[in-house]
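Taking the working numbering, the leading residue of the first sequence gets 26, the next gets one more, and so forth. The structure under discussion appears below in the form of structure tokens.
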Amino acid sequence: MTKQRAFQRAVLGWYRERGRDLPWRRTRDPYAVLVSEFMLQQTQVGTVLPHYKDWLRRFPNFAALARASEAEVLHAWQGLGYYNRARNLHATAKIVATRHCEHFPRSIDQLQQLPGVGKYTAHAIATFAFDQPVAIIEANTSRLLSRLLDLRIPIDSTAGRNALWNSASALTPKKAPAAYNSALLDLGALVCLPRQPKCGICPVKRFCRAKNPKSLPIKRPRPGTKQLVEKHAFVVEHDKVLLEKSPARWRGMWILPPVKLDGFKPSSLPHPIYTAVFPFTNHRVALKVFRQRLRQIDNGKCWFPFRKLDSIPIPSPHRRAIDALLGLNVSSVHAQR
DNA sequence: AATGCGGGGGC
DNA sequence: GCCCCAGCATT
Numbered sequence: 026m027t028k029q030r031a032f033q034r035a036v037l038g039w040y041r042e043r044g045r046d047l048p049w050r051r052t053r054d055p056y057a058v059l060v061s062e063f064m065l066q067q068t069q070v071g072t073v074l075p076h077y078k079d080w081l082r083r084f085p086n087f088a089a090l091a092r093a094s095e096a097e098v099l100h101a102w103q104g105l106g107y108y109n110r111a112r113n114l115h116a117t118a119k120i121v122a123t124r125h126c127e128h129f130p131r132s133i134d135q136l137q138q139l140p141g142v143g144k145y146t147a148h149a150i151a152t153f154a155f156d157q158p159v160a161i162i163e164a165n166t167s168r169l170l171s172r173l174l175d176l177r178i179p180i181d182s183t184a185g186r187n188a189l190w191n192s193a194s195a196l197t198p199k200k201a202p203a204a205y206n207s208a209l210l211d212l213g214a215l216v217c218l219p220r221q222p223k224c225g226i227c228p229v230k231r232f233c234r235a236k237n238p239k240s241l242p243i244k245r246p247r248p249g250t251k252q253l254v255e256k257h258a259f260v261v262e263h264d265k266v267l268l269e270k271s272p273a274r275w276r277g278m279w280i281l282p283p284v285k286l287d288g289f290k291p292s293s294l295p296h297p298i299y300t301a302v303f304p305f306t307n308h309r310v311a312l313k314v315f316r317q318r319l320r321q322i323d324n325g326k327c328w329f330p331f332r333k334l335d336s337i338p339i340p341s342p343h344r345r346a347i348d349a350l351l352g353l354n355v356s357s358v359h360a361q362r
């Protein structure tokens, strides 16, 4: 038996015993697989799980998703972040429902034409939905392979990525590729951990070339975190709050209206009634909210009764701010100034 | 090659 | 505070 065969056998044997039972592995419906892959882009399994079932119940197939409005789609995506994924998934559903007449493309080239579908996602759908013998390179499998091969170049460089894709392709079996790829993912997620790899229980330890697994994978240095401050207005009237439909960043979502407080001297600057810090990737945003009186309702602003707030898309930091501010009664908010 | 995406969880 | 996560699109 070749070494490669022995490796595949060890991986599959371990998977039968210890692999994860995940809902998107109980189906080969391309739509269900696609939804899972979009949700899992840059997002951990544990975060995705609760949203996955809800999404499939609300949008059970391409046609249902294609029919939905953008607001419905963004609302259902709340809590997952990176909302471009939701917009891309929506756009993909429309393309499949119309241009492809509900016939989901099978070739990797065609898959990769769909918005939000890059190399990883195209290969993942090909293998998990259609059981094609192709490799998948993402966070788990790159870590596992970089250790297995003792790859000492950054995995997020062009050379590193190419090395990983090439090696992974050469290792992928023609038989049971979907199970094999699931197995590699689970080995990365459960055994070949980032900080504390469990080499003691690793079923492929005898194939691993890493002298110092903890030091791998190597990644390029990250840019320093950028500090930002953003100011928004809290305008309430009776049982309504004023929100603005964000034209730019949170496109299509409702946020507390941005305010400029340029006209104030530092000594007389208003005091925020709510402050929170929310970090993301390599940024750190200080969100400050100021109580304001209504001046005028210009384009894109709308009053929302408190009870309606649960049914519209609001980004998490703003929702937390609104929840916190509405949790206080008006007089106590006022008293904080 | 380098960013932006402006999330979320774990330690 | 930092690192990590079933990445993709844009420049």
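Glycine included, every Cβ here is placed at the ideal spot set by N, Cα and C.
Item                                                                                                                          : Value
Opening and closing residue of the beta strand (DSSP E) in which K270 lies                                                    : 265–270
Per-residue DSSP class, three states only, for H257                                                                           : strand
Own chain, CB closer than 8 angstroms to K265, minus 5 neighbours either side, in chain order                                 : W328, F329, P330, F331
CA-to-CA distance, L99 to Y108, given in whole angstroms                                                                      : 7 angstroms
Three-way DSSP call (helix, strand, coil) for I280 in this model                                                              : strand
Residues of its chain near P198, where Cβ-Cβ distance is below 7 angstroms and the 5 sequence neighbours each way are ignored : Q33, P158, Y205
Coarse secondary structure for T306, derived from DSSP in three states                                                        : coil
Stretch pair the stretch 342–354 + the stretch 310–323: three plus CB contacts closer than 8 angstroms                        : yes
Selection from P282, W102, A235, N307 that minimises the alpha carbon distance to R318                                        : P282
Every unbroken alpha helix (DSSP H) within the stretch 91–141, with a cutoff of 4 residues, ordered by chain                  : 95–102, 109–123, 133–138
First and last residue of the uninterrupted beta strand (DSSP E) at P330                                                      : 326–330
Touching by the beta-carbon criterion (3+ pairs, under 8 angstroms), the stretch 43–62 and the stretch 79–97                  : yes
Bridge-paired residues (DSSP) for F155                                                                                        : According to DSSP, which records beta bridges pairwise, F155 is partnered with nothing at all.
K233 versus P248, L174, V216, W190, residue with shortest Cα-Cα distance                                                      : Strictly speaking, residue 233 in this sequence is Cys, with Lys absent from that position. Taking only the C-alpha atoms, the option nearest C233 is L174.
From V254, R247, Q221, P228, residue whose alpha carbon lies closest to that of P238                                          : Q221
CA nearest to the CA of A116, picked from F153, L241, L210, V60                                                               : V60
Exposure of Q66, with buried meaning 16 or more beta-carbon neighbours within 10 Å                                            : buried
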